[in-house]
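In our numbering, the protein residues as written are 800 to 1131.
Ideal Cβ placement from N, Cα and C applies to all residues, glycine included.
Here is the structure we will look at, set down as structure tokens.
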Amino acid sequence: MAENVDEHPQRKPLLVIHRIPSFSSLFHHRLAPTFSLIDPITSAGADRSAALAFLRLHGGSARALLCVGPSPLKKDTLDCLPSLECIVTSCVGVDHIDLSECHRRGISVANVGDAFSDDVADCAVGLLLDVLRKVSAADRFVRAKSWPEQPVFPLGSRIGGKRVGIVGLGSIGSLIAKRLTSFGCIIAYNSRQKKPSVSFPYYDNIHDLALNSDILILCCSLNDQTHHMINKDVLTALGKKGVVINVGRGSLIDEKELVRFLVEGKIGGAGLDVFENEPNVPKELFGLENVVLSPHQAVITPDSFKAAEDISVANLEAFFSNMPLVSPVIWE
């Protein structure tokens, strides 16, 4: 048997570590004393068929699985785990998991709840400030020694007084709203439904929100309803001075249309932490000074990793103690 599988798995509950090869096994030191870990990548290598074969051989009695990062978790993996009852993902978003198949099989799913919310909200505001005040562009301007030859740098824009439309007023969206209210921004929002406790104006469709906003900030989940929700019509409604900030998922935006609008000057700018085909970013964006790009780093800080670790372990401990999950994903 492979080294990382306990010789006596009955002594500790089995826990499957599901990850793609580029993702490291998270918080092994927290898990190893309590669980008998089954990591197909470590034991069987990067070949997918070999990893699935390893799971079929060693994971038949495993009741829980830890999904590391946005590693795709589909039916073929679930088929190898007939006893699986609980999936804990170290992400907030769950679009990488076949939720309908989990629901059909009666498998509970938990994410990391609010672990990343503050960090993502900070990043969203940082991207917005950068786009409006041209911070990165000014940095490149100075480093290129252009200042002596061109003493006047293009003007940025004030953030106070801007109308900000937040798409997805959940934990992250609410923290963004709190931060931007302090800057003097005027907040409105779109969510699946109006929130009775929120005083901000609510729009039940994205087009009308864009029409009444200077800035759109995307922080909602990706699903069939939100895929390409930011399309040609929404970008047109946002207008030539409008700015798009995306810290949600790349496919919330029709990326080809966004690129076209930016290249043709039909919107004012964009701050993007996520993209449709990561890590591939449209090359047309690289030369645009009104676009700020980030490699899907909004959630990544030591603080957020520690919080995600704590919540993931708490969910696993709750499951094996027959207690309610700390941060369950609610089926819609």
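Verify whether the separation of the beta carbon atoms of L1071 and G1047 is less than 8 Å. no
When the distance is taken between beta carbons, is E1088 closer than 8 Å to A849? no
Should the stretch 839 to 858 be called in touch with the stretch 810 to 824, which here means at least 3 C-beta pairs below 8 Å? yes
How about the stretch 1106 to 1117 and the stretch 910 to 919: do they share at least three Cβ pairs that are nearer than 8 Å? yes
Taking the CB atoms as reference points, tell me whether I840 and L814 lie closer together than 8 Å. no
Contact set for E1056: own chain, Cβ-Cβ below 7 Å, skip 5 residues either direction: N1030, K1031 and L1034
Is S998 near G967, with beta carbons less than 8 Å apart? no
For a quick check, are the C-beta atoms of N1011 and R962 less than 8 Å apart? yes
Here's a check: name, in chain order, each residue in its chain whose Cβ is nearer than 7 Å to the Cβ of G1068, leaving out the five neighbours to either side. V930, V1042, N1089 and V1090
Where the alpha helix (DSSP H) through S882 begins and ends: From DSSP, S882 is part of no alpha helix (DSSP H); its letter is neither H nor E.
Taking the alpha-carbon of K933 as reference, which of G1038, S956 and S981 has the nearest alpha-carbon? S956
Evaluate P1123 with the Cβ neighbour count: other Cβ atoms within 10 Å of its Cβ, from every protein chain shown; 16 or more gives buried, anything less gives exposed. exposed
Three-state class that DSSP yields for N1114 in the structure shown: helix
Beta-carbon proximity list for V1062, same chain, < 8 Å, skipping 5 on both sides: E1083 and L1087
Measuring CA to CA, which of T876, K874, L880 and D875 is closest to R861? Looking at the sequence itself, residue 861 is Ala, so the reference to Arg does not match. Of the listed residues, the one whose Cα sits closest to A861 is L880.
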